[in-house]
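Here the structure comes first, spelled out in structure tokens, and everything after it is commentary.
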Amino acid sequence: MEKVEEIGRKLDELRDFLEDVFLTAEECVLLKEVDEIIKEKRFNELKPLDEV
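Right, here's the structure in full:
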């Protein structure tokens with residue numbers, strides 16, 4: 075289980091790095107909102123991309 079948590083932390087670090095380097099500020103905010111919705115299982119708040 076410890077290895078899984080370590081891999082999860084490394085993936086989070088990599089995602090943060092990629093956000094800083096490649097995403098615009100707006101894309102970064104949207105990604106964080108989606109991550110939070112998914113973590114909290116509030117799937118009813120997600121919208122199809124054609125409605126955005």
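Numbering-wise, our numbering comes out as the position in the sequence shown, counting from 1, plus 74. For every residue, glycine included, the Cβ atom is placed at its ideal position computed from N, Cα and C.
Please classify residue i: does DSSP put it in a helix, a strand, or coil?
i, result
"GLU114", "coil"
"LYS121", "coil"
"LEU85", "helix"
"LEU97", "coil"
Give a yes or no on whether the C-beta atoms belonging to residue i and residue j are separated by under 9 Å.
i, j, result
"VAL108", "LEU120", "yes"
"LEU97", "LEU88", "no"
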